[in-house]
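**Q** First the structure, which I've put down as structure tokens, then a few questions once you've had a look.
Numbering (our numbering), first residue to last: 70 to 269.
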């Protein structure tokens, strides 16, 4: 008994098309509407704007930190740090800080007292650093590195969130108009071709 002839068709499957080739095919498809091209362009513009905004916000954060550091150094040059002793029980003065009466000795040997902001963990008898202005009065010290970094990062993030919100709203409005235009075109074409189909 003769064996059946071998199937002339190859057992290998059809070659798979790459994603790039499929994207190009969709891009040049005759079914692609002008509004689809606008949607693709809108998406590309949004992505490019988002990347650009991210880079610019990062540069803004770095610039804000550098400006804050320069200002803090200028402030520090006009102040003098002094070690003071906590002489009274600290009391709450806000989030993350307490107020307490302190005492310190000036360069001329005189003793001074005042209430200053101290960390919550400080107790009576502890030593804290305070800042004095050129007249010898207690002054707010220069911003710390942590404060400068936090302010720069927060400012950059707020700007970034604002830019993203504008991009999202703009994109949503543009897509809504494209959808409305597609519906209008479809309705117009339906009024033109539906009578032909119904007669067929």
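Even glycine gets a Cβ: it sits at the ideal position worked out from N, Cα and C. Computed from a predicted model, the values in this text were never measured in an experiment.
In the DSSP assignment, find the beta strand (DSSP E) that holds residue 154 and state where it starts and stops.
**A** Looking at the DSSP string, the run of the beta strand (DSSP E) that includes residue 154 is 149-155.
**Q** Using the C-alpha atoms, what's the distance from residue 116 back to residue 252?
**A** Answer to the nearest angstrom: the Cα atoms are 26 Å apart.
**Q** Which class does residue 208 belong to by DSSP, given the choice of helix, strand or coil?
**A** Correct three-state label for residue 208: strand.
**Q** Does DSSP put residue 261 in a helix, a strand or coil?
**A** Residue 261: helix per DSSP, three-state reduction.
**Q** Between 235, 209, 249, which has its C-alpha nearest residue 147's C-alpha?
**A** It is 209 whose Cα lies nearest to the Cα of residue 147.
**Q** CB-CB under 8 Å to residue 160, same chain, minus the five flanking residues each way: which ones, in chain order?
**A** The residues are 167, 168, 169.
**Q** For the beta strand (DSSP E) holding residue 123, just list the boundary residues, first then last.
**A** Where residue 123 is concerned, there is no enclosing beta strand (DSSP E), although the alpha helix (DSSP H) it sits in stretches over 103-146.
**Q** Looking only at DSSP bridge pairs, what is residue 266 linked to?
**A** In the DSSP output, where bridge partners are listed per residue, residue 266 has none listed.
**Q** If we call anything under 9 Å between Cβ atoms a contact, is residue 130 one with residue 222?
**A** Yes; because the gap between Cβ atoms is below 9 Å, this pair is in contact.
**Q** Beta-carbon separation of residue 133 and residue 224 under 9 Å?
**A** Closer than 9 Å, so yes.
**Q** Note down, one range per segment and in chain order, each beta strand (DSSP E) of at least 3 residues found wholly within the region 166-228.
**A** DSSP runs (the beta strand (DSSP E)) wholly in the region 166-228: 167-174, 180-187, 196-201.
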